[in-house]
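Here the protein sequences come in this chain order: X and E. Under my numbering, the first residue of the first sequence is numbered 1, with each subsequent residue one higher. Under my numbering, the first residue of the second sequence is numbered 248, with each subsequent residue one higher. For each residue, glycine too, the CB sits at the ideal point set by N, CA and C. These figures come from a predicted structure and were not determined experimentally. Comments concern the structure below.
Number of protein chains: 2
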Amino acid sequence: MPIDVYATAGAIEKDLRGHACVIVDVLRATSVIITAIEHGCKSVIPVAEVEDAAIMARQLGGERVLLCGERGGVMIPGFNLSNSPLEYTEEVIAGRSLVMSTTNGTRAILRAGGSEAVFMGGFLNARAVAEAALSVSDSIAIVCAGTDGRYSLDDVLCSGAIISRILDINGKQSLCDLGRTALALYDSYNDDLFESLRGSLHFERLRALGFEEDIRYCLQEDVMQAVPEYKNGVIRKRRPQAAQTAE
Amino acid sequence: MPIDVYATAGAIEKDLRGHACVIVDVLRATSVIITAIEHGCKSVIPVAEVEDAAIMARQLGGERVLLCGERGGVMIPGFNLSNSPLEYTEEVIAGRSLVMSTTNGTRAILRAGGSEAVFMGGFLNARAVAEAALSVSDSIAIVCAGTDGRYSLDDVLCSGAIISRILDINGKQSLCDLGRTALALYDSYNDDLFESLRGSLHFERLRALGFEEDIRYCLQEDVMQAVPEYKNGVIRKRRPQAAQTAE
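The structure is reproduced here in structure tokens:
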């Protein structure tokens, strides 16, 4: 079965039922979510609009909820955390629920909602998310968030990293044309991911805002085991396979 | 000014006025058109639907018109020529007008209609079309036809070839993220374009139909000087710059 890669949520043209979906918004939404789940956050609730985030937080109520997210790369007034993964330390977020609004990532997560399983992927958990996806289905769709609805080099490069891990586990998986492209980019560039993104749109936009350390953080490969899974509107840590079968 | 690359006509999200557009449907529509114009064909009229082609041919009338095109990669019943560039010899098409219907290419041509100039590009005329585009505008948009509305590796790889020629002439041009990707693919793959496309969707579809020789033909680089230009519904050979200024 093939691995399909979509440059944006809007490019998805087929029914994703039966697929394991991996959402990639590597700079920075999915890297933030991976970090938060790895550091013991209870759940992340993605919402599309800033107003929805405030309403949702009030419904959940109480001090255990944190409002997180960005617009145009920067913190939203009145929110607790921005979209910098460096803020999501164990001290700050362990045991908490997060309500998160991001520009590009949320739309991709919601678009993939009808599939068999929806995971958050990044360089941080490339191997772990590859294993999780393959454990669910041979039909894997990697959905890049893109930047402003357009093809974004950072997300496609990260898709290439995840594809390389999938092929390490199961070399028989075939690739769509964008999957081939992503793997070729990753094979060319993996000796220096940071330099390879220099000049690209999203990278330069974040660098101009002063987020170079965030970028370097998000480009670390396979340093986390957490595989955030979206189900029924909430992102939680994927439970081990045995526990799922027992349900 | 940037070079923008679009994976499909549907991905164009900005106004292309003021841009020089290069349409790339390298397997095989734009390669056919380049060949036809190089071999002395008078004009090519692209039409979206097969029925439109027959009506247009009747309007133009007479034996100087040839009906050309494909559906699903093969010749259309009642048409004179298929979409194989090998059929477009000087003997067959010199002095003729062609009415051409193709699956993916026509839509891209029509979508780019509002820009400053619309050229047909391929590996065959990569250098010539790069020169033509730069002579019109620093804002260049390369519009890939794609396959079935999706990203197609053959077209993006060819965009990389055209970008490499543009940068040879003017190294100051910046690139969008897909342009960076296209150039990286071309730099990785240009020692064997045929092998690099093995396994990709459009390539394998044409190979299964027996068109391997067509593919090898379309992958020849810089062997033609013709730059087909679309204007007011008709594709003709781009006239030399001086003649245009004199109008």
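Discussion item. Which of the three DSSP states is assigned to X:Tyr189 in this structure?
Written reply: In this structure, X:Tyr189 counts as helix in the three-state DSSP scheme.
Worksheet item: Does the beta-carbon of X:Leu86 have 16 or more other beta-carbons within 10 angstroms, so that it is buried, or is it exposed?
Response: Here X:Leu86 is exposed. Its C-beta has fewer than 16 other C-beta atoms within 10 Å.
Practice prompt. State buried or exposed for X:Leu209, treating a residue as buried only when at least 16 other CB atoms are found within 10 Å of its CB.
Written response: So X:Leu209 counts as exposed.
Fill in: Among X:Ala20, X:Ser159, X:Met56, nearest to X:Gly233 - alpha-carbon criterion
Among X:Ala20, X:Ser159, X:Met56, the Cα nearest to that of X:Gly233 belongs to X:Met56.
Worksheet entry | Whole-angstrom distance between E:Arg485 and E:Glu494, CA atom to CA atom | Its pLDDT being 38, under 50, E:Glu494 is placed unreliably by the model, and nothing is read from it.
Worksheet entry | First through last residue of the alpha helix (DSSP H) which encompasses X:Gly160 | 153 to 169 is the extent of the alpha helix (DSSP H) around X:Gly160.
Fill in: Beta-carbon proximity of X:Gly114 to X:Pro46, cut-off 9 Å
Against a cut-off of 9 Å, the Cβ pair of X:Pro46 and X:Gly114 comes out as no contact.
Practice prompt. Could you pull out every residue in the same chain whose Cβ sits closer than 6 Å to the Cβ of E:Ile284, ignoring the five residues on either side in sequence?
Written response: The residues are Ala473, Pro475, Lys484.
Worksheet item: Where does X:Val22 land, buried or exposed, given buried means 16+ other C-beta within 10 angstroms?
Response: Taking every protein chain shown into account, the CB of X:Val22 has 16 or more other CB atoms within 10 angstroms, so this residue is buried.
Worksheet entry | CB contact below 9 Å: E:Leu425 versus chain X | It does: the Cβ of E:Leu425 has a partner Cβ on chain X nearer than 9 Å.
Item to complete: Identify the contact partners of E:Ile428 in chain X, using a Cβ-Cβ distance below 8 Å as the criterion.
Response: The sequence given here places Thr at residue 428 of chain E; Ile does not occur at that position. Here the neighbours are Tyr151, Leu153, Val156, Thr181, Leu185.
Discussion item. Distance cutoff 9 Å, beta carbons only. Does E:Thr194 sit that close to anything in chain X?
Written reply: Chain E is shown from 248 up to 494; residue 194 of chain E falls before or after that span and cannot be answered.
Practice prompt. Mind listing the chain X neighbours of E:Leu448? Cutoff is C-beta to C-beta under 8 Å, in chain order.
Written response: Within chain X, the residues near E:Leu448 are Cys176, Asp177.
Worksheet entry | Cβ-based contacts, 7 Å cut-off: residues of the stretch 102 to 124 of chain X near chain E | The stretch 102 to 124 of chain X vs chain E, Cβ under 7 Å: nothing.
Practice prompt. May I have the straight-line CA-CA distance separating E:Ile340 from E:Ile387, to the nearest angstrom?
Written response: Per the coordinates, the alpha-carbon of E:Ile340 lies some 31 Å from the alpha-carbon of E:Ile387.
Worksheet entry | Neighbour-count burial assignment, E:Ile280, 16 or more Cβ in a 10 Å radius | With 16 or more Cβ atoms within 10 Å of its Cβ, E:Ile280 is classed as buried.
Worksheet item: Which one or two residues does DSSP pair with E:Thr394 in a beta bridge?
Response: Beta-bridge pairing links E:Thr394 to E:Arg397.
Worksheet item: Would you call the stretch 58 to 75 of chain X and the stretch 121 to 133 of chain X in contact, with 3 or more CB pairs under 8 Å?
Response: When Cβ pairs closer than 8 Å are counted between the two stretches, the stretch 58 to 75 of chain X is seen not to touch the stretch 121 to 133 of chain X, the count staying below three.
Discussion item. Looking at chain E, is there any beta carbon in it that lies within less than 9 Å of the beta carbon of X:Ser188?
Written reply: It does; some Cβ of chain E falls within 9 Å.
Worksheet item: Interface residues of chain X around E:Glu468 at Cβ under 7 Å?
Response: Near E:Glu468 there are no residues of chain X at all, since even the closest Cβ is about 19 Å away, more than 7 Å.
Discussion item. Closest to X:Leu16 by C-alpha separation, out of X:Val143, X:Ala130, X:Leu60, X:Arg58, would be which residue?
Written reply: It is X:Val143.
Discussion item. I need the straight-line Cα distance from X:Ala112 to E:Ala258, nearest angstrom please.
Written reply: Spanning the two alpha carbons is a distance of roughly 20 Å.
Discussion item. Less than 9 Å between the beta carbons of X:Leu27 and X:Leu206, yes or no?
Written reply: Contact: yes.
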